[in-house]
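> Attaching a single structure in structure tokens format; questions to follow.
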Amino acid sequence: MKTCKICISWFFVSFLFFYSGILFSDELSQSDGAVVTSNALATKVGEKILADGGNAYDAATAISAMLSVVEPFASGLGGGAFWLIYDAESEEYKVLDARETAPFQSHNDMYLDENNNVIENASRIGPLAAGIPGIPAVLSYVNTKYGSKKMNTILAPAYHAAKNGFPVNNRYIRGAKYKKEWLNQYEETASIFLNNGQVPKKGWILKQPDLANTIKKIMVEGHKGFYTGDFAKKMVESVQNNGGIWSEEDLNRYQVIEREPVRSTYNGVSIIAPGLPSSGGLVLSNALNILSGFDLDKFSPTIQKHLIIEALRRAYYERAIKMGDPDFMYESLAFLLTPSFSAKQRESININYATDNKVLELAEPPYQGQGSDTTHFAVIDKFGNRVAVTQSINFWFGSAFVPEGSGILLNNEMDDFSIKPGTENGYGLIGYNANAIEPGKRMLSSMTPTFLESDKGFVILGTPGGSRIISMILLSALDWISGGDAKSMVTIPRFHHQYHPDYVLYEEKAFSQIEINNLEEMGHKLKKSNRQFGNMQVIQWSRKKNEINVASDPRGREKELTDVY
Ligand code: DON
């Protein structure tokens, strides 16, 4: 592969390790690149692939598969993903959309009873809650189109970890405790993830022989080993026998979609992030466009935070009423990023008072019409390729359903659709027609693997956290733009507003007592979160120092027992 301008400097880079032990092993020489993930086993796999001469795509494929094995509560082959890539050879940015799709037998009131009421947990537990997975497809897609090594080599570590097992960590135990009742609802699931129906102790060895066989199939047969033939047939049978509606055709037809990312600029910094069906790029860019009309540095910390909250309120409002799978929409939403649109949004912002949501709703009513969860990782290689991936099965242990003999825990991403207009999903988000369930459609996501670029260098960042992903990325982007680094980006305290419900959720240290008093006086409803949120992973390259910094969110460190997701 051709070398790019930036990668010439790879041979001279130096590294700063903020959380040693999680990140680099000795085998990774400085010229190989950099890896950051939420899990030490997965990080090691990525480093090894780079050290053996693989490219960022090879390393990311291996990491994705490894995380699917060692963090089955967060993501896996039964889930979906968004990959954001910068390809050094073509100098192109691309999004690989591996989001789940709604089965062809799905319909927009499938989770409602005869009185049109939402059936509790119907979109969250069991195979009816599962969309058609995209992760197996993206692994073979990337390997075929961008990889330099054989799938056999790349998936071997995940295969061995599934077959031979690995000791479960505190995060696994926390998730299993939280979801024990659900896991016990399905014999197959309980037999894999619990110890005789009980939450295992730390160090218990989790072996997943069926998953190992499934990985082997993908190693040998690629995409078709999962989506066609006997394997697909058996998964469908098991799904249908347990109340699900998948068909073989659903699996046969699944494809990764390569899309253009959303690109915008804020104070001279380029922001590159996925577009629909991820709402990340549009909401992030829209909120930054609104803020670009204010000189934030000139305001007090309280007003700065007030303006950020008001920008988020408006950008998430647009999410709720307009966003969904672009392949099911008649008009492009590109107008959301025009200067005139954000100028109009700014008109309703009062510098001294919180906006009443009704102001937005009256100006543009929603169209009713007819109808730790997740993980993020990033890799750069010596060729200059960059890969950022957020992948998920949605909530802890997804739908808690494993099709017999597959070892694959299915997602519960169907809950990310608007299952009834204006009804909250598991993250409190509401949506309308644009995100209603339709056969073959992809549910709206908040996953936002992001690149920031400026004359200072670049950053690759992302995090799990459901609806809060986008506001976390926004706060960290603002931090970097105003002089922060990888470490401060992952550690800064977080606050969040998503239009509905109408309150500001904040981590303990996000506001001083004075700011709390001031914001409340301005009319903001504040709600302190009893959990920290996010598990951000950052790779940052500084042009001036010609140095790479890598930082992993301290909230995700295993020894901390806070509920990071
Ligand atoms: O796609 C989405 O927006 C969600 N399913 C992501 C889930 C997530 O980040 C879970 N972590 N808290």
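Numbering (the working numbering), first residue to last: 323 to 887.
We treat Cβ as the ideally placed atom computed from N, Cα and C, and that holds for glycine.
Every value quoted in this text rests on a predicted model; they were computed, and no experiment measured them.
Measure the alpha-carbon distance for S347 versus I643 and round it to whole angstroms.
Reliability fails at S347, whose pLDDT of 34 lies under 50, so the model's placement of it is uncertain and no value is given.
> Do the stretch 406-415 and the stretch 522-533 meet, that is, are 3 or more Cβ pairs less than 8 Å apart?
Taking 8 Å as the limit for Cβ pairs, the verdict is that the stretch 522-533 does not touch the stretch 406-415.
> In terms of residue numbering, what span does the beta strand (DSSP E) encompassing A633 cover?
Annotation for A633: no beta strand (DSSP E) segment contains it, though the alpha helix (DSSP H) segment containing it runs P623 to K644.
> Less than 9 Å separating the beta-carbons of R581 and N608?
no
> Does the beta carbon of T772 fall short of 8 Å from some heavy atom of ligand 1?
no
> For M388 versus V367, is the C-beta spacing smaller than 9 Å?
yes
> Can you give, in chain order, each stretch of the alpha helix (DSSP H) that sits fully within the stretch 676-712 and has at least 4 residues?
679-685
> When burial is assigned at 16 or more other CB atoms within 10 Å of the CB, is S767 buried or exposed?
buried
> Under the three-state reduction of DSSP, which class applies to I330: helix, strand or coil?
Interpretation of I330 is limited by its pLDDT of 28, a score under 50 that renders its predicted location unreliable; no figure is taken from the coordinates.
> Can you name, in chain order, every residue of its own chain whose Cβ lies under 6 Å from the Cβ of Q427, other than the five neighbours on each side?
For Q427, the CB contacts under 6 Å within the same chain, skipping 5 residues up- and downstream, are I567 in chain order.
> Compare the C-alpha of S614 against each of Y638, T660 and V584 and name the closest.
T660
> Measure the C-alpha to C-alpha separation of S776 and S592 and round it to an integer number of angstroms.
6 Å
> Roughly how many whole angstroms lie between the Cα atoms of L814 and A459?
Here residue 814 turns out to be Ile, not Leu, going by the sequence shown. Near 35 Å, if we compare the C-alpha coordinates of A459 and I814.
> Grab me the residues of Q577's own chain with a C-beta within less than 8 Å of its C-beta, minus the 5 sequence neighbours each way, in chain order.
For Q577, where only same-chain residues beyond five positions count, the Cβ hits under 8 Å are A459.
> Between which two residues does the beta strand (DSSP E) carrying T536 extend?
Premise fails: T536 lies in the alpha helix (DSSP H), P531 to E543, not in any beta strand (DSSP E).
> Is F717 near ligand 1, with its Cβ less than 8 Å from a heavy atom?
yes
> Determine the burial state of P687: buried for a count of at least 16 other Cβ atoms within 10 Å of its Cβ, exposed for fewer.
exposed
> In whole angstroms, what separates the C-alpha of V724 from that of L505?
10 Å
> Quick one: Cα of A595 to Cα of F773, how far?
7 Å
> Is the beta carbon of G720 closer than 9 Å to that of G376?
no
> Let me check understanding here. Comparing Cα to Cα, which of Q854, D801 and G762 lies closest to A452?
G762
> Pull up the DSSP beta-bridge partners for N517, would you.
Q520
> According to DSSP, simplified to helix, strand and coil, what is G750?
In this structure, G750 counts as coil in the three-state DSSP scheme.
> Find the nearest neighbour of P876 within the set K866, G856 and L783, judged by alpha-carbon distance.
G856
> With hydrogens ignored, establish whether the beta-carbon of I791 is closer than 8 Å to any heavy atom of ligand 1.
yes
> For T624, which residues from the same chain have a beta carbon less than 7 Å from its beta carbon, with the 5 sequence-adjacent residues on both sides left out?
Excluding sequence neighbours, T624 sits near E837, N840 and L841.
> Hey, out of D374, M794, E411 and L434, whose CA is closest to T745's CA?
If we check each option's Cα against that of T745, L434 comes out closest.
> From the DSSP output, which residues share a beta bridge with F663?
Bridge partners of F663: none, in fact.
> Starting from the Cα of I631, find the closest Cα among D409, K866, A832 and V392 and give me that residue.
A832
> With H, G and I counted as helix, E and B as strand and the rest as coil, what does DSSP make of T325?
Low confidence applies to T325: its pLDDT is 29, below 50, so where it sits in the model is not reliable enough to give any reading.
> Rounded to the nearest angstrom, how far is the Cβ of P648 from that of P599, given a contact under 8 Å?
So it is a contact: roughly 7 Å between Cβ atoms.
> Cα-Cα, which of I371, E393, G788 and T696 is closest to T383?
Looking only at I371, E393, G788 and T696, the smallest Cα-Cα distance to T383 is reached by I371.
> What are the partner residues of F833, as DSSP defines its beta bridges?
According to DSSP, F833 bridges with nothing at all.
> Is E760 helix, strand or coil when you go by DSSP?
Secondary structure at E760: coil, using DSSP grouped into helix, strand and coil.
> By the three-class DSSP mapping on this structure, what secondary structure does R575 have?
Looking at R575 - three-state DSSP - the assignment turns out to be helix.
> Would you grab the beta carbon distance between T536 and R764 for me? Rounded to a whole angstrom, and I think it's under 8 Å.
Contact doesn't hold; Cβ gap of about 23 Å is too wide.
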